[in-house]
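Colleague:
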Amino acid sequence: MGYSLMGKPVLMDFFAEWCGPCHQQSPIIDELEARMGDKVEIRKIDVGVDSEQTRQYAAKYDIQFVPTLIIEKDGKIVQKLVGVQDLEKLESILKPLVE
110 MGYSLMGKPV LMDFFAEWCG PCHQQSPIID ELEARMGDKV EIRKIDVGVD SEQTRQYAAK
170 YDIQFVPTLI IEKDGKIVQK LVGVQDLEKL ESILKPLVE
């Protein structure tokens, strides 16, 4: 079975319930998850909910606007995308990370 992969890429979707564009982004993320399956870990983080964890995330990743997508691989940020991103762009970033 060849070499073992390092960690799979992680896509973090920072959103808030009150954010209109976030509601546009959400089905795109769901479709991405359907297409890429378990090759990518997807985490949805609601920064509209004030909690210790969301404050830590917002500080760590400097989240100023929602939606913001962070793509990490092996604990390093590969890309930070602000605003609604289309499926093709997300796939073009993630595919090379899983091949």
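Residues in the sequence shown are numbered from 110 upward in steps of one, following my numbering. Ideal Cβ placement from N, Cα and C applies to all residues, glycine included.
(1) Do residue 206 and residue 145 count as a contact pair if the criterion is CB distance below 8 Å?
(2) Kindly indicate which residue of 117, 116 and 134 has the alpha-carbon position closest to the one of residue 177.
(3) Taking 8 Å as the threshold (C-beta atoms), are residue 193 and residue 124 in contact?
(4) Would you decide whether residue 130 is buried or exposed? Buried here means 16 or more other CB atoms lie within 10 Å of its CB.
(5) Hey, would you say residue 137 sits closer than 8 Å to residue 196, going by beta carbons?
(6) For residue 149 versus residue 189, is the C-beta distance shorter than 8 Å?
(7) Between residue 157 and the rest of its own chain, which residues show a CB-CB distance below 7 Å, the 5 nearest in sequence each way excluded?
(8) Report buried or exposed for residue 72, applying the criterion of at least 16 other Cβ atoms within 10 angstroms of its Cβ.
Modeller: Taking the geometry as given:
(1) Their beta carbons are not under 8 Å apart, which means residue 145 does not touch residue 206 by this criterion.
(2) Nearest neighbour of residue 177 by Cα position, chosen from 117, 116 and 134, turns out to be 134.
(3) The beta carbons of residue 124 and residue 193 sit no closer together than 8 Å.
(4) Of the other Cβ atoms in all chains shown, fewer than 16 fall within 10 Å of the Cβ of residue 130; this residue is therefore exposed.
(5) The answer is yes: Cβ separation under 8 Å.
(6) Going by C-beta atoms, residue 149 is not nearer than 8 Å to residue 189.
(7) Counting only Cβ-Cβ distances below 7 Å, and skipping sequence neighbours, we find 125, 126 and 127.
(8) A query on residue 72 cannot be resolved here, the shown segment of the chain reaching from 110 to 208 and no further.
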